[in-house]
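Letter by letter, the sequence shown follows residues 1 to 208 of my numbering.
We treat Cβ as the ideally placed atom computed from N, Cα and C, and that holds for glycine.
A short write-up of the structure that comes next.
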Amino acid sequence: MSFSIEQGQFVLIVGSSGSGKSTLLNMVGLLDRPTRGKIFIDGVDTTTLNDGNISSFRNQKLGFIFQFSNLLTDLTVLENVLLPRHIGKSTKTTESDAIDLLTSVGLESQINKRANKISGGQAQRAAIARGLINKPSIVLADEPTGNLDSVTSQTIVDLMKSMAKKLNQTFIIVTHDRQHFGNADRVITIKDGKAFEGGQLPMMEVLP
Ligand SMILES: Nc1ncnc2c1ncn2[C@@H]1O[C@H](COP(=O)(O)OP(=O)(O)OP(=O)(O)O)[C@@H](O)[C@H]1O
Ligand SMILES: [Mg+2]
């Protein structure tokens, strides 16, 4: 497969189970290395980076949101959001950035709660804030609503769309959940190891 994604696009990756969506996302996220082919991010051929460079590249450029929020339950919501900053030893983000992000995902009243004392939907909001804290140019999400009820899913989708628009970040989202995601800038369907433009649903418009 060969395709390129522009900065700021909100892109859905869809396709049947086992078609290779997570594999693709993990390769774009530099969590897996392709056995052949190349992946360019901001002009850099990431397949030539060594392990040390991969870690710092990932930490500077990429943010991750997974199906399960994977928060550390011994830490507070705020401490969880600040974790990528500690890992990257990044000085460009501050605690007040984290509080601003948590406020924009509607968690201002939960900031100092332990992560195991909040609901699944709140945990996923916190995971979104954590995915955005290092100001990544690309946010990657694998089934971010896969573990949520319908109402919470819609809230999380709306939140991701509004954050994408506000921050002009690229979002690449693997999902089975076309119902909640609705329209996106692009939909890429993975089938039999190939990528096709357009989703199973005929509806496809550019976000307002
Ligand atoms: N670590 C692995 N080692 C070997 N094969 C794997 C590994 N992970 C996935 N696969 C295989 O690669 C193919 C693609 O898997 P992948 O997880 O990318 O699918 P997917 O589209 O994300 O599916 P789902 O919608 O169920 O999450 C499948 O045939 C799967 O069995
Ligand atoms: Mg998958």
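Residue burial is scored here from C-beta neighbours: Ser153 has at least 16 other C-beta atoms within 10 angstroms and is therefore classed as buried.
Ile188 is positioned such that its CB atom lies closer than 9 angstroms to that of Ile13. In this structure, DSSP gives Ile13 an extended state, which the three-state scheme calls strand.
By the criterion of a C-beta distance shorter than 8 angstroms, Val11 is surrounded in its chain by Ile5, Thr170, Phe171, Ile172, Ile173, Ala184, Asp185, Arg186, Val187, Ile188, once the five residues flanking it on both sides are discounted.
Taken through DSSP and simplified to helix, strand or coil, Leu148 comes out as coil.
Non-local beta-carbon contacts of Met1 in its own chain, meaning distances under 6 angstroms to residues more than five positions away in sequence, involve Lys194, Ala195 in chain order. For Ile111, there is no enclosing alpha helix (DSSP H), since its DSSP letter is neither H nor E. Near ligand 1, meaning a beta-carbon closer than 6 angstroms to one of its heavy atoms, we find Gly15, Ser17, Gly18, Ser19, Gly20, Lys21, Ser22, Thr23. A direct Cα-Cα distance of roughly 31 angstroms separates Leu82 from Gly182.
Around the beta-carbon of Phe68, fewer than 16 other beta-carbon atoms lie within 10 Å, marking it exposed.
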